[in-house]
DNA sequence: ACTGTAGGCCAACGCGCGTTGACATCGACG
DNA sequence: CGTCGATGTCAACGCGCGTTGGCCTACAGT
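Protein chains in written order, with the UniProt record's numbering: chain U, 1 to 197; chain F, 1 to 197.
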């Protein structure tokens, strides 16, 4: 299983150009409206090259939507800073890399993309939350609530572009959303007694 | 401008059937994947009827996505119950009527749908928030934050179907999300001092 | 210099789409 | 009964899509 000697192939640059163009198109247009022909035009190659390298549009999307949240180890974060840490992390991650926005747009109509989204939040967010010191019995639900706020923020800011959410800068946003996440992570179950701060 | 005597036309039933089928298809598939042919098949009529009555696919969507949040007058709601009231209201509204889910799905890829979504939140949510007693200078931002949590909940529960969010029942959800909305509406600006409950 | 192969382009395919216009049928009204 | 608009059907259009296969071209191994 040592594979080939990892010799750089001449086509690597093309593959990378296709992937870059695909991420941009999927992020801007969603799965259905993004066309292989448009991706190929952006990458300045022929549409059939996309098929050769990625097999199909589904395959191209699968490659383009490979995504690691790069979540920090929450066991190392002071308990009272969990919310703000996570909020800032997500905002920074999104501003720098459109992949998750592509995934979010696509997930609205493409079942495979939705499945991948569920996988990311089960495999990465829920895992991180479980290491944050949360009760294992409730960690999954807490992660789900965190996801609802985090993805709602991404949706309103990058996809729907709701003006007040677009205009707030990342620092202000983190100050607002951080405490929400903090509460979802640490508030005892059930959260019956209202606790607005 | 008194118009015709409002005589019921024979075609009203067909128009309504088309609209019902369109809402279901748009909600289930999003704008791009929902086809006029499929809507017509559901309504058991010919695709050309859809064109005759609604002009185009865009026109059909515009008619199907007409939506009133039916928000209560927040001036009449006790200040400390604003969050939970809104949370319960939205959950009830969505479970009963798939229109907003259709709009949400479509808004990810269709600019017109996104524009309508912005219009609904500017015209209905922001207006209601402004009447809740919030400082007029900050009401729009507060409404945007509320939208981020509310739409994030709809997205994770009805579109992406994140298991932990799907499994929570509406009462539990309202208990979790209510305080978040309450804080977005009432927490003084800026929200610098963290306030997890 | 010769050759095999990886990299790339071009033209075409079949399909489903939104949309159109010509034609059939029904029901109200003279 | 005859007419005419409203209601509905049918067949087709042009288009852009994902996808395919054949054909050049350039370079690595000998």
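Ideal Cβ positions, reconstructed from N, Cα and C, are used throughout, including at glycine.
>> Beta-carbon within less than 6 Å of residue 121/U's beta-carbon, same chain only, minus the 5 sequence neighbours each way: which residues are those?
In response: Here the question's residue 121/U lines up with position 121 in the first chain. Correct list, in chain order: 147.
>> Using only the alpha-carbon positions, how far apart do residue 164/F and residue 129/U sit?
In response: One-based indexing of the second chain puts residue 164/F at position 164. One-based indexing of the first chain puts residue 129/U at position 129. Going by the C-alpha atoms only, they are around 13 Å apart.
> Taking all protein chains shown into account, do 16 or more other C-beta atoms lie within 10 angstroms of the C-beta of residue 119/U, making it buried, or fewer, making it exposed?
Replying inline: Position 119 of the first chain, counted from the first residue, corresponds to residue 119/U. Residue 119/U comes out exposed.
> Are there 16 or more other CB atoms within 10 angstroms of the CB of residue 10/F, so buried, or fewer, so exposed?
Replying inline: Indexing the second chain from 1 puts residue 10/F at position 10. Residue environment: residue 10/F is assigned as exposed (fewer than 16 neighbouring CB atoms within 10 Å of its CB, all protein chains considered).
>> Could you check whether the segment 77–85 of chain F touches the segment 43–63 of chain F, counting it as contact only if at least three pairs of C-beta atoms, one from each stretch, sit closer than 8 Å?
In response: no
> Any chance the segment 97–115 of chain F sits against the segment 27–39 of chain F, with 3 or more Cβ pairs inside 8 Å?
Replying inline: yes
> Are there 16 or more other CB atoms within 10 angstroms of the CB of residue 141/U, so buried, or fewer, so exposed?
Replying inline: One-based indexing of the first chain puts residue 141/U at position 141. Buried, because 16 or more other Cβ atoms sit within 10 Å of the Cβ of residue 141/U.
> Taking DSSP as the reference, what is the three-state secondary structure of residue 138/F?
Replying inline: Stepping through the second chain from its first residue, residue 138/F is reached at position 138. In this structure, residue 138/F counts as coil in the three-state DSSP scheme.
> How about residue 152/F and residue 124/U: do their beta carbons lie closer than 9 Å?
Replying inline: Taking the second chain and counting its residues from 1, one reaches residue 152/F at position 152. Taking the first chain and counting its residues from 1, one reaches residue 124/U at position 124. No, the Cβ-Cβ distance between residue 152/F and residue 124/U is not below 9 Å.
> What are the start and end residues of the alpha helix (DSSP H) that includes residue 90/F?
Replying inline: Start at 1 with the first residue of the second chain, and residue 90/F comes out as number 90. Taken as a continuous stretch (DSSP letters only), the alpha helix (DSSP H) holding residue 90/F covers 82–96.
>> Tell me the DSSP secondary structure of residue 35/U in three-state form.
In response: Numbered from 1 along the first chain, position 35 holds the residue referred to as residue 35/U. If DSSP states are grouped into helix, strand and coil, residue 35/U belongs with coil.
>> How far does the alpha helix (DSSP H) with residue 191/U in it extend, from its first residue to its last?
In response: What you label residue 191/U is simply residue 191 of the first chain in a count that begins at 1. Segment: none, residue 191/U is in no alpha helix (DSSP H) and carries neither H nor E.
> Distance, Cα to Cα, residue 160/U vs residue 116/F?
Replying inline: For the purposes of this step, residue 160/U is taken as the residue at position 160 of the first chain. For the purposes of this step, residue 116/F is taken as the residue at position 116 of the second chain. Going from the Cα of residue 160/U to the Cα of residue 116/F covers about 10 Å.
>> If distances are taken between C-alpha atoms only, which option among 97/F, 179/F, 176/F, 189/F comes closest to residue 24/F?
In response: Against the second chain, residue 24/F aligns to sequence position 24. It is 97/F.
> If you draw a straight line from the C-alpha of residue 155/F to the C-alpha of residue 94/U, how long is it?
Replying inline: Residue 155/F sits at position 155 when you count from the first residue of the second chain. Residue 94/U sits at position 94 when you count from the first residue of the first chain. Annotation: residue 155/F to residue 94/U spans about 18 Å, alpha carbon to alpha carbon.
> Could you check where the alpha helix (DSSP H) with residue 99/U kicks off and where it finishes?
Replying inline: For this step, residue 99/U is matched to residue 99 along the first chain. Per DSSP, residue 99/U belongs to the alpha helix (DSSP H) from 99–107.
> Can you check whether the CB of residue 112/F is closer than 9 Å to the CB of residue 168/U?
Replying inline: For the purposes of this step, residue 168/U is taken as the residue at position 168 of the first chain. For the purposes of this step, residue 112/F is taken as the residue at position 112 of the second chain. Cβ distance not < 9 Å, so residue 168/U and residue 112/F don't count as in contact.
>> Could you check whether the Cβ of residue 54/U sits closer than 9 Å to any Cβ belonging to chain F?
In response: If you number the first chain from 1, residue 54/U lands on position 54. So, not an interface residue.
> What residues from the segment 126–150 of chain F come within 9 Å of chain U, judged by C-beta to C-beta, listed N to C?
Replying inline: 126, 140, 141, 142, 143, 144, 145, 147, 148, 149, 150: these are the residues of the segment 126–150 of chain F whose beta carbon lies less than 9 Å from some beta carbon of chain U, given in chain order.
>> Contact criterion: CB-CB distance below 9 Å. Does residue 114/U meet it with respect to chain F?
In response: For the purposes of this step, residue 114/U is taken as residue 114 along the first chain, with counting starting at 1. Yes, because at least one Cβ of chain F sits closer than 9 Å to the Cβ of residue 114/U.
>> Does chain F have any CB closer than 9 Å to the CB of residue 201/U?
In response: Outside the modelled stretch of chain U, which goes from 1 to 197, sits residue 201/U, for which no answer is possible.
>> I want to see whether chain U comes within less than 9 Å of residue 94/F, judged by CB atoms only; does it?
In response: In the second chain, counting from the first residue as 1, residue 94/F sits at position 94. No, its Cβ sits nowhere closer than 9 Å to a Cβ of chain U.
> Is residue 136/U closer than 9 Å to residue 175/F when the C-beta atoms are compared?
Replying inline: The residue given as residue 175/F occupies position 175 in the second chain. The residue given as residue 136/U occupies position 136 in the first chain. Contact: no.
> What span of residues does the alpha helix (DSSP H) with residue 165/F cover, start to end?
Replying inline: Here residue 165/F is taken as the residue at index 165 of the second chain, counted from 1. Run containing residue 165/F: 163–167, per the alpha helix (DSSP H) assignment.
> Under 9 Å between C-beta atoms, does residue 58/F make it to chain U?
Replying inline: If you number the second chain from 1, residue 58/F lands on position 58. Closer than 9 Å: no.
>> Using a 10 Å radius around the Cβ and a threshold of 16 neighbouring Cβ atoms, would you call residue 75/F buried or exposed?
In response: Walking along the second chain from the start, residue 75/F turns up at place 75. That one is exposed.
>> Please identify the residue among 65/U, 17/U, 134/U, 88/U whose C-alpha is closest to the C-alpha of residue 100/U.
In response: On the first chain, position 100 is the one that residue 100/U refers to. Of the candidates 65/U, 17/U, 134/U, 88/U, the one whose C-alpha sits nearest the C-alpha of residue 100/U is 65/U.
> What residues from the segment 153–180 of chain F come within 9 Å of chain U, judged by C-beta to C-beta, listed N to C?
Replying inline: For the segment 153–180 of chain F, which is checked against every Cβ of chain U, the residues closer than 9 Å are 153, 154, 155, 156, 157, 159, 160, 161, 162, 163, 164, 165, 166, 167, 168, 172, 173, 175, 176, 177, 178, 179, 180.
> Going along the segment 61–90 of chain F in order, which residues come within less than 8 Å of chain U, judged by CB to CB distance?
Replying inline: 80, 83, 84
> Exposed or buried, what is residue 179/F when buried is set at 16 or more other beta-carbons lying within 10 Å of its beta-carbon?
Replying inline: The residue labelled residue 179/F in the question sits at position 179 within the second chain. Residue 179/F is buried by the Cβ-count criterion.
> According to the neighbour-count rule (16 or more other Cβ atoms, all chains shown, within 10 Å of its Cβ), is residue 37/U buried or exposed?
Replying inline: The count along the first chain starts at 1 and reaches residue 37/U at position 37. By the neighbour-count rule (16 or more Cβ atoms within 10 Å), residue 37/U is not buried but exposed.
> Quick one: is residue 109/F near chain U, going by C-beta distance under 9 Å?
Replying inline: For this step, residue 109/F is matched to residue 109 along the second chain. Chain U, which has a Cβ nearer than 9 Å to the Cβ of residue 109/F, makes this yes.
> Just curious, the alpha helix (DSSP H) that residue 120/F is in, first and last residue?
Replying inline: Counted from its first residue, the second chain places residue 120/F at position 120. From DSSP, the alpha helix (DSSP H) with residue 120/F extends over 111–120.
> Is any heavy atom of the ligand SAH found at a distance shorter than 8 Å from the C-beta of residue 90/U?
Replying inline: Ligands in the displayed structure: none, and consequently the ligand SAH is not present.
>> I need the boundaries of the alpha helix (DSSP H) containing residue 181/U, first residue and last residue.
In response: Within the first chain, residue 181/U is the residue found at index 181, counting from 1. Unbroken alpha helix (DSSP H) run through residue 181/U: 170–186.
> Of the residues 162/U, 13/U, 126/U, 102/U, which one's Cα is nearest the Cα of residue 27/U?
Replying inline: Position 27 of the first chain, counted from the start, is the residue given in the question as residue 27/U. When each option's Cα is compared against that of residue 27/U, the closest is 102/U.
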